[in-house]
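Under numbering that gives the first Met the number 0, the residues of the first sequence are numbered 0 to 269, in order.
Down below is the structure, laid out as structure tokens.
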Amino acid sequence: MPELPEVETTRLGISPHLLGQRVTKLVVRQPKLRWPIPPSLIKALPGQRIDAVERRAKYLLVHTSAGSAVLHLGMSGSLRVLDAGTPAGKHDHYDWQLDSGRLLRFTDPRRFGSLLWQAPGRTHKVLVALGPEPLGDAFDGDYLWRLSRGRSAAVKTFIMDQAIVVGVGNIYAAEALFAAGIHPRRKAGSVSRARYRLLAEAIRRILHYAIQRGGTTLRDFISPDGVPGYFEQELYVYGRAGEPCRNCGSTIRSIVLGQRSTFYCPACQR
DNA sequence: ACTTTAGCCTGTCGGC
DNA sequence: TGCCGACAGGCTAAAG
């Protein structure tokens, strides 16, 4: 499930099965996802050959010469490559049948995921306002510091804003703020440049590490429940309310920030 | 220009 | 056992 490392792991898992394949048929069982699957995609995708599979933020882009599919996993979505003829379950909303005799299947109980279509040479609306990739060159502590001046929103909300930096979800935001020693409720504009440098490095390190971990657990991409147990052993604050801080022993607290639960150590994070 | 809120869905879990 | 509310890893549109 989907924060950036899971999406990247998904990309690595499905890409070899998709590249060069032709989509022989699109089966849609439930078109009502986060947005309805657009008729333009239903018309254009079948018959196309897949040229590339990219990731931008938490979106997957599947490119063909006729346009690109833009996929999002939402909160509970997953993609798997299965043999054609594998019976579909209740939450299996669409399949792409492939030349190879396999299919790409999307499963999503909560239906917050999406399947959109981008015409050649265009950038889909959902991709326009996105901030830089956290693992790319344009992202660092100075960048965060500059954009945060004058901002009164909580720093956690700030780094989860996809217009600021993409791919930092609720878990990784909490973990990165712990690593940088920043209280999640602190105003973004009051965090020092030095702290933002620590924070940016923590985000990069944690995401990179999680991708490596995901890559080893999900390599063949056929495992039915799809998702590794994250690295639950290695979480410092997320989901640990009432438990001792692994650094100082203080009791981890949980609060609600922007309607999302967040976790922090009252002694290590200021 | 920024910040906050409601809402899209279903499943699961804990308390009574 | 069943009912009920709280909560879940995301994101957008609209309102403030």
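Beta carbons are placed, not taken as given, at the ideal position from N, Cα and C, and that holds for glycine.
The secondary-structure analysis by DSSP pairs proline 243 across a beta bridge with Thr250. Taking all protein chains shown into account, aspartate 141 has fewer than 16 neighbouring C-beta atoms within 10 Å of its C-beta and is therefore exposed. With a 10 Å radius around the Cβ and a threshold of 16 neighbouring Cβ atoms, glutamine 96 comes out buried. Cβ contact annotation for alanine 199 (same chain, cutoff 6 Å, sequence separation greater than five): Asp139, Gly140 and Leu143, in chain order.
Within a 10 Å sphere around the beta-carbon of valine 127 sit fewer than 16 other beta-carbons, which makes this residue exposed. Counting only runs that start and end inside the stretch 42–109, the beta strand (DSSP E) elements of at least 3 residues fall at 51–55, 58–63, 66–71, 77–82, 91–97 and 101–106. The straight-line gap separating the alpha-carbon atoms of methionine 74 and histidine 92 is approximately 15 Å. Counted as a single uninterrupted DSSP element, the stretch harbouring valine 167 is not any alpha helix (DSSP H), since DSSP gives it neither H nor E. Bounds of the beta strand (DSSP E) holding threonine 261 are 259–263. Assignment of beta-bridge partners to arginine 21 by DSSP yields Arg48.
C-alpha of glycine 149 to C-alpha of histidine 123: approximately 30 Å in a straight line. Counting only residues of its own chain and dropping the five nearest sequence neighbours on each side, glutamate 242 has a CB closer than 8 Å to the CB of Thr250 and Ile251.
Of the residues assessed, lysine 24 falls on the exposed side of the cut-off, its CB having fewer than 16 other CB atoms within 10 angstroms.
Distance check between proline 108 and each of Lys31, Arg192, Glu233 and Val26 places Lys31 closest, using alpha-carbon atoms only.
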